[in-house]
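Input: a single structure, listed below in C-alpha cells.
Protein chains in written order, with the working numbering: chain B, 1 to 255; chain G, 1001 to 1229.
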C-alpha cells in the first residue's frame, strides 16, 4: 500500500484502486494552486500506472468534499496572457476527464464551485444525504471555469444549469439525485463502504471493456449518431479481436 | 400591468409584460443598451401578446432573462418562455405546443429550444400530439425550475431576478453565453470558450470587488456602487 506525500492531496493505491483525497480539511478542501499542482502529479502517475484500474475521489474531514476555488489566491495572476497559458499548461480538469479508467466521486457536506466541477469530470457521482451542492461564482463576479458551464448543462439540462449558475442556489442530495447531478445517495455513515463497493466492482472488470465503454460514451456526447454508431461498432470489433488473440495465446502458449 | 413596468426603487431589473410588438421591441432595445440593467424579468400568461420573431429577439439578449409563467403557456407564448434563461411557474400553469395540431410548424424556436430544454422525448410527445403538461411535469422535465403559489403575480420571478441582479453583471452575461453558445460546440471547443471568457473576466472591476469582498469576509457591493457613482 504505497503512499506518496503531497501537501494538499492524499494518494494511496490499494490493489487496483487509486484513492485520491482532497486534503485541506481546515478550509473544507478549497482548491488552490498547490492542489492543482499536486493533482497534476497524481493524475499523471495514475495515467501511466497500468496496475491502477479505477479512481476514487473524496474530500478529507467532516465538513465537506470541497468548498470550491480558494479565492484568497485569486487576483494574483501576473497577466491574462500568463493566466491563459497556465490554464492549459497544467490542465488537471482535462487530465481527469481524459483518464481511460472509470472515476468515481464520493461526496459529503459542502460541494461548491470547483468541487462540483471536479465531480462532474468523474464518471460516477455518489453523495451522502448531507451533501449540499452550489455554484456561487457569479455572486463573486466570477464564472465557473473548470468545465462547469458545459458539464452542468450536460448533466442536469440547460434550464436547471442556468438557474444554479445565475442564482447560486443550493441543492440538497435528494434533489441532486432527482435532476441527475448525482447517481446515488447514501447515508453519511455508508458513503465509504458504498463507494468502496462500487470501485471494487469496477476494479474487477476488464479494463479494456471499461475504457472502450468510456470512449463510446464520449462519442455519444461529441459525435453525430451516425458517426457514434460507427465508433461503437469499431470498438466492439476491436475488443472481440483482442479476446480472440488472448484465447489463442493461452491455448497455444507464448513460447 | 402593461408595457414598461420598472419599479422605481430598482432600475437594475427591467420587467416586461407583453401587450404589443412595438413596446416589446423598445423594451428589448433598452435591455440591450442600458448598462444599468442587470436582469430582465418577463411575465407571461395566456393574455400575453405574441407574434413570430419575438422569441428570437428575447433570445438575443446578452443579460440573463427570468420568465414568470401563469395560466396557459401555449404555442408562441411557450416559444417566448423558452427563449428566457430561468423559468418560474405558478402552480396550475399548463404548457402545450399545439401548432402542429393546427397544421402549422412552430417558427420561433419551438422545435429547437423545447427538446434542448425539456428533453427530446417529452418535446417530441408535446410537438407531435399536442399533449398539455402540468406545472409539476414541467418541473420534473426541467422546463421550469421553480414552482410558486397561484396568484403569485410574478413575485417569484422578481425574487430570482433580484438575486441575479445582485451578482456580477459580466459574470452573468458570460455564464449565459458559455452555457447557451457552448451547446452548439464540441466539448473541447466549449471548454475553450468558457476558459477564454473566464480570463477575459479578469479585466472586470466587479470581479476584483468580488474577490476583495471574499477576502474581507463581507458581501460584494456591485450595484450599490453603481448607485453611489
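Beta carbons: idealized from backbone N, C-alpha and C, even for Gly.
C-alpha gap between residue i and residue j, whole angstroms
{"i": "residue 192/B", "j": "residue 183/B", "result": "16 Å"}
{"i": "residue 1073/G", "j": "residue 1105/G", "result": "17 Å"}
{"i": "residue 1111/G", "j": "residue 1089/G", "result": "21 Å"}
{"i": "residue 1201/G", "j": "residue 1222/G", "result": "15 Å"}
{"i": "residue 237/B", "j": "residue 213/B", "result": "13 Å"}
{"i": "residue 1148/G", "j": "residue 1187/G", "result": "35 Å"}
{"i": "residue 1123/G", "j": "residue 158/B", "result": "14 Å"}
{"i": "residue 1228/G", "j": "residue 66/B", "result": "Reliability fails at residue 1228/G, whose pLDDT of 46 lies under 50, so the model's placement of it is uncertain and no value is given."}
{"i": "residue 113/B", "j": "residue 1029/G", "result": "34 Å"}
{"i": "residue 108/B", "j": "residue 1047/G", "result": "46 Å"}
{"i": "residue 35/B", "j": "residue 1214/G", "result": "20 Å"}
{"i": "residue 247/B", "j": "residue 101/B", "result": "24 Å"}
{"i": "residue 1002/G", "j": "residue 1019/G", "result": "With a pLDDT of 35 at residue 1002/G, under the threshold of 50, the modelled position of that residue is not reliable, and the figure given next carries that caveat. One C-alpha to the other measures close to 6 Å."}
{"i": "residue 1063/G", "j": "residue 121/B", "result": "28 Å"}
{"i": "residue 1043/G", "j": "residue 1190/G", "result": "31 Å"}
{"i": "residue 199/B", "j": "residue 13/B", "result": "12 Å"}
{"i": "residue 1208/G", "j": "residue 149/B", "result": "21 Å"}
{"i": "residue 272/B", "j": "residue 86/B", "result": "The displayed coordinates of chain B run from 1 to 255. Any statement about residue 272/B would go beyond what the structure contains."}
{"i": "residue 1125/G", "j": "residue 1109/G", "result": "16 Å"}
{"i": "residue 1210/G", "j": "residue 33/B", "result": "19 Å"}
{"i": "residue 40/B", "j": "residue 1203/G", "result": "27 Å"}
{"i": "residue 1053/G", "j": "residue 29/B", "result": "48 Å"}
{"i": "residue 203/B", "j": "residue 231/B", "result": "25 Å"}
Proximity below 8 Å, CB of residue i to CB of residue j
{"i": "residue 8/B", "j": "residue 26/B", "result": "no"}
{"i": "residue 111/B", "j": "residue 124/B", "result": "no"}
{"i": "residue 1068/G", "j": "residue 1156/G", "result": "yes"}
{"i": "residue 151/B", "j": "residue 117/B", "result": "yes"}
{"i": "residue 58/B", "j": "residue 21/B", "result": "yes"}
{"i": "residue 17/B", "j": "residue 43/B", "result": "no"}
{"i": "residue 1176/G", "j": "residue 1085/G", "result": "yes"}
{"i": "residue 19/B", "j": "residue 1145/G", "result": "no"}
{"i": "residue 134/B", "j": "residue 171/B", "result": "yes"}
Classification of residue i by the beta-carbon crowding that lies within 10 angstroms, buried from 16 upward
{"i": "residue 1004/G", "result": "Caution applies to residue 1004/G, whose pLDDT of 47 falls short of 50 and renders its modelled position unreliable; the model cannot decide the point."}
{"i": "residue 1013/G", "result": "buried"}
{"i": "residue 1077/G", "result": "buried"}
{"i": "residue 1/B", "result": "In this predicted model, residue 1/B has a pLDDT of only 49, less than 50, meaning its place in the structure is not dependable; the value taken from the coordinates is given anyway. Result: exposed."}
{"i": "residue 1097/G", "result": "buried"}
{"i": "residue 1220/G", "result": "buried"}
{"i": "residue 252/B", "result": "exposed"}
{"i": "residue 1167/G", "result": "buried"}
{"i": "residue 1079/G", "result": "buried"}
{"i": "residue 1117/G", "result": "buried"}
{"i": "residue 1015/G", "result": "buried"}
{"i": "residue 250/B", "result": "exposed"}
{"i": "residue 97/B", "result": "buried"}
{"i": "residue 1151/G", "result": "exposed"}
{"i": "residue 1178/G", "result": "buried"}
Proximal chain G residues relative to residue i, where beta-carbon distance stays under 7 Å
{"i": "residue 167/B", "result": "1160, 1163 and 1164"}
{"i": "residue 74/B", "result": "1211"}
{"i": "residue 163/B", "result": "1086 and 1145"}
{"i": "residue 137/B", "result": "1171"}
Proximal residues of chain G, C-beta to C-beta of residue i below 9 Å
{"i": "residue 77/B", "result": "1199 and 1202"}
{"i": "residue 183/B", "result": "Under the 9 Å cutoff, chain G gives no residues; its nearest Cβ is about 17 Å from residue 183/B."}
Proximal residues of chain B, C-beta to C-beta of residue i below 9 Å
{"i": "residue 1120/G", "result": "None at all; the shortest Cβ gap to chain B is about 11 Å."}
{"i": "residue 1168/G", "result": "137, 138, 139, 140, 141, 142 and 143"}
{"i": "residue 1106/G", "result": "Ordered by position in chain B, no residue passes the 9 Å Cβ test against residue 1106/G, which lies about 18 Å from the chain."}
Residues that residue i contacts on chain B, provided the C-beta gap is smaller than 8 Å
{"i": "residue 1087/G", "result": "159"}
{"i": "residue 1195/G", "result": "84, 87, 88 and 145"}
{"i": "residue 1215/G", "result": "71 and 72"}
{"i": "residue 1117/G", "result": "157, 158 and 159"}
{"i": "residue 1012/G", "result": "Near residue 1012/G there are no residues of chain B at all, since even the closest Cβ is about 14 Å away, more than 8 Å."}
{"i": "residue 1208/G", "result": "75 and 141"}
{"i": "residue 1175/G", "result": "137, 138, 143, 144, 149, 162, 165 and 166"}
Within chain B, partners of residue i - CB distance below 7 Å
{"i": "residue 1231/G", "result": "The structure shown has nothing for residue 1231/G, since chain G only spans 1001 to 1229."}
{"i": "residue 1186/G", "result": "222"}
{"i": "residue 1068/G", "result": "Those do not exist, as residue 1068/G stays about 14 Å from chain B at its closest Cβ, beyond 7 Å."}
Residue i: CB within 7 Å of a non-hydrogen atom of the ligand ZN
{"i": "residue 19/B", "result": "The ligand ZN is not among the ligands present in this structure, which contains no ligands whatsoever."}
Chain G residues whose Cβ lies nearer than 8 Å to that of residue i
{"i": "residue 153/B", "result": "1179, 1182 and 1183"}
Specify whether the segment 1017-1027 of chain G and the segment 1162-1175 of chain G touch according to this definition: at least 3 beta carbon pairs, one from each stretch, less than 8 Å apart.
-> Contact between the segment 1017-1027 of chain G and the segment 1162-1175 of chain G is absent, because fewer than three Cβ pairs lie under 8 Å.
Do the segment 1158-1165 of chain G and the segment 1029-1041 of chain G make contact, defined as three or more Cβ pairs closer than 8 Å?
-> The segment 1158-1165 of chain G is in contact with the segment 1029-1041 of chain G.
Cβ contact check for the segment 169-177 of chain B and the segment 192-206 of chain B: 3 or more pairs under 8 Å = Judged by Cβ distances under 8 Å, the segment 169-177 of chain B makes no contact with the segment 192-206 of chain B, as fewer than three pairs qualify.
At least 3 beta-carbon pairs within less than 8 Å: the segment 137-145 of chain B vs the segment 1191-1206 of chain G | Contact between the segment 137-145 of chain B and the segment 1191-1206 of chain G is present, because at least three Cβ pairs lie under 8 Å.
Do three or more CB pairs link the segment 75-94 of chain B to the segment 126-141 of chain B at distances below 8 Å?
-> The segment 75-94 of chain B vs the segment 126-141 of chain B: no contact.
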